[in-house]
Every structure is written in structure tokens, then in C-alpha cells.
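J.: Residue 144 in the working numbering is what sits at position 144 of the sequence shown, and the numbering runs on without skipping anything. Positions of the beta carbon are idealized from the N, C-alpha and C atoms, including for glycine. Sharing a structure, written as C-alpha cells. Questions coming.
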Amino acid sequence: MFDLDPLSRPVAVVEMLLLLTFAAFVGWLLARLIVTNRINALRSAIADQEAELNDCRQATAATPDRKTRPVSAAFVGSARPASPPKTAAPLTSDSTTSDVMAADALFAPAPEHPVADPVTPRSDLVVPLMSGSSEAAVLQRIAARASELNFARIGLASAAEADDLKDIVGIGPFLERKLHSLGIYTFRQVANFAKEDVDKVNEIIEFFPGRIERDNWVDQSTMLYERKYKKPVG
1 MFDLDPLSRP
11 VAVVEMLLLL
21 TFAAFVGWLL
31 ARLIVTNRIN
41 ALRSAIADQE
51 AELNDCRQAT
61 AATPDRKTRP
71 VSAAFVGSAR
81 PASPPKTAAP
91 LTSDSTTSDV
101 MAADALFAPA
111 PEHPVADPVT
121 PRSDLVVPLM
131 SGSSEAAVLQ
141 RIAARASELN
151 FARIGLASAA
161 EADDLKDIVG
171 IGPFLERKLH
181 SLGIYTFRQV
191 ANFAKEDVDK
201 VNEIIEFFPG
211 RIERDNWVDQ
221 STMLYERKYK
231 KPVG
């Protein structure tokens, strides 16, 4: 049609340039997909850590700080400076031996009172709140709302049937434990989420609004279920 000679040198050069351009475009497209997936995974991990940090801060703020013990009055009294020694009255020639002894007692140096070290509040008295207790409180609060989910639609599962939900991009260890506390253990249950289930789970696990849809948990779970069990989600 174009009367091109495939053995012509200019035609061969053009073909090579077209092939190189196509290969570069395919490489760029693959690299973009890989980088995008990594960025999404990192964002999900950061969001998971931020959620854990917020839970710990809320639990710590709810715990009253211990008050520093008041300084004992005994320490205050012992810390007072010693009174200056009294000046003895001059002796006369008619002083008796007892007067001399009294004068010696007056000139004797006053006993030094030990000065107590300043009492400083012990910072180690404040016991930091363990992250485990904070996490337990969060999981207990989430588990109390499990009855709000429609398990007739998403299905029931036990811990013995659990899949590794961390294979879903956007779910970290803490989020997985939150889902377990709701009774969600398998890819099949997540794949059966309807729009209202997504919104309800997002609210109960105290996740960022719209994050489940943005990370596409439902489609990911469907693909992971079919890959693992070699059958469609029922």
C-alpha cells in the first residue's frame, strides 16, 4: 500500500525506533503501576499507625496523672538554718567556778543542724499506660457493636476459618484484629460487603471515611478468595 521496502535501511531504522518507543511506553506503564501499588500500601500502613496512635492518646488522656507527694513538715523544719551562737556576758573578778563553767558552755560552738536534701518529685512514679490495655479497650468497644452488622448477608465465620486479611492492601495487623473482634475473619465475608456494610464497618472500626471503598477491599477479597479456593464467591 505504502510501497515500503522492508530491506531498506531507512525503513529498518524507523521500525527500530517505533519498537523502542513502544517498549519504553510499556516499561513506563508497568513502573507506574508498581509505584502506585507501593504508595497505596504505604499510605494504608501509615493510616493504620495513625489510628493506633490516636487510640493510645485518647486512652492516655483519660487516665488522671498522679499528684506529687507533699513535702513533709519534718523536712521543712530540719531545713531551717541554725541560729547564731549567743554572745557571753563579760566575767567579773567575783565570778564563781560555776559562772566560769557557764561561760565555757556559752562559748562552745553551737551544734550543727543537718540540712535535709531538697525533696524532688519522683518522675518515675507515673506509670505509663501500656499499649495493650489501650488496644484491648478499643477492641472491646468495637466488639460491642458487632450486632449492628448484617451477617445474614455477609455470612458467618469463626477464627478457625480465618484467612490472612493482611493480604488485602490497606489492612494492617491492628485493622485485622479490629475486624476479628467484629466476627469478620474471611475473604468471603469481605467480598460479600454491600454498600451499607462498607459504611457500617468503616464507622465501627473507626477508620477514615471512604477508605474501604478507596482501597477496594471487596474486589481484592473476591480475587484473593477465588485464587485461594479455586471457586467463585458463593
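Distance check for D197 and A12, CA to CA, integer angstroms please.
T.: For this step, residue 12 is matched to residue 12 along the sequence shown. For this step, residue 197 is matched to residue 197 along the sequence shown. Near 59 Å, if we compare the C-alpha coordinates of D197 and A12.
J.: With the cut-off set at 9 Å, would you say E135 and R177 are in Cβ contact?
T.: For the purposes of this step, residue 135 is taken as the residue at position 135 of the sequence shown. For the purposes of this step, residue 177 is taken as the residue at position 177 of the sequence shown. In this structure, R177 lies closer than 9 Å to E135 by Cβ.
J.: Which word fits R227, buried or exposed, when buried means at least 16 other C-beta atoms lie within 10 angstroms of its C-beta?
T.: What you label residue 227 is simply residue 227 of the sequence shown in a count that begins at 1. That one is exposed.
J.: Taking Cβ positions, are F151 and G183 nearer each other than 9 Å?
T.: Here residue 151 corresponds to residue number 151 of the sequence shown, with the count starting at 1. Here residue 183 corresponds to residue number 183 of the sequence shown, with the count starting at 1. Cβ atoms of F151 and G183: closer than 9 Å.
J.: Whose CA, out of R188, R211, E203, N202, lies closest to the CA of M223?
T.: Taking the first residue of the sequence shown as position 1, residue 223 is located at position 223. If we check each option's Cα against that of M223, R188 comes out closest.
J.: Around the Cβ of V218, are there at least 16 other Cβ atoms within 10 angstroms (buried) or fewer (exposed)?
T.: Stepping through the sequence shown from its first residue, residue 218 is reached at position 218. Buried, since its Cβ has 16 or more Cβ neighbours within 10 Å.
J.: In whole angstroms, what is the alpha-carbon distance linking L179 and Q49?
T.: On the sequence shown, position 179 is the one that residue 179 refers to. On the sequence shown, position 49 is the one that residue 49 refers to. Looking at the two C-alpha atoms, the distance is approximately 16 Å.
J.: What whole-angstrom Cβ distance do I142 and I204 have, given they're in contact under 8 Å?
T.: For the purposes of this step, residue 142 is identified with residue 142 of the sequence shown, where counting begins at 1. For the purposes of this step, residue 204 is identified with residue 204 of the sequence shown, where counting begins at 1. Right, the Cβ-Cβ distance comes to about 6 Å (below 8 Å), so this counts as a contact.
J.: Can you look up Y185 in the DSSP assignment and give me helix, strand or coil?
T.: For the purposes of this step, residue 185 is taken as the residue at position 185 of the sequence shown. Correct three-state label for Y185: coil.
J.: Classify N150 as helix, strand or coil using the three-state DSSP reduction.
T.: Your numbering for residue 150 matches position 150 in the sequence shown. Of the three classes helix, strand and coil, the one that applies to N150 here is coil, per DSSP.
J.: Among S8, R32, L42, which has the Cα closest to the Cα of G172?
T.: Taking the first residue of the sequence shown as 1, we reach residue 172 at position 172. G172 has its Cα closest to that of L42, out of S8, R32, L42.
J.: For chain D, is any of its Cβ atoms less than 9 Å away from the one on S8?
T.: No chain D appears in the structure shown, which is made up of a single protein chain.
J.: Given E213, which residues of its chain have a CB within under 7 Å of its CB, disregarding the five upstream and five downstream residues?
T.: If you number the sequence shown from 1, residue 213 lands on position 213. For E213, where only same-chain residues beyond five positions count, the Cβ hits under 7 Å are V198.
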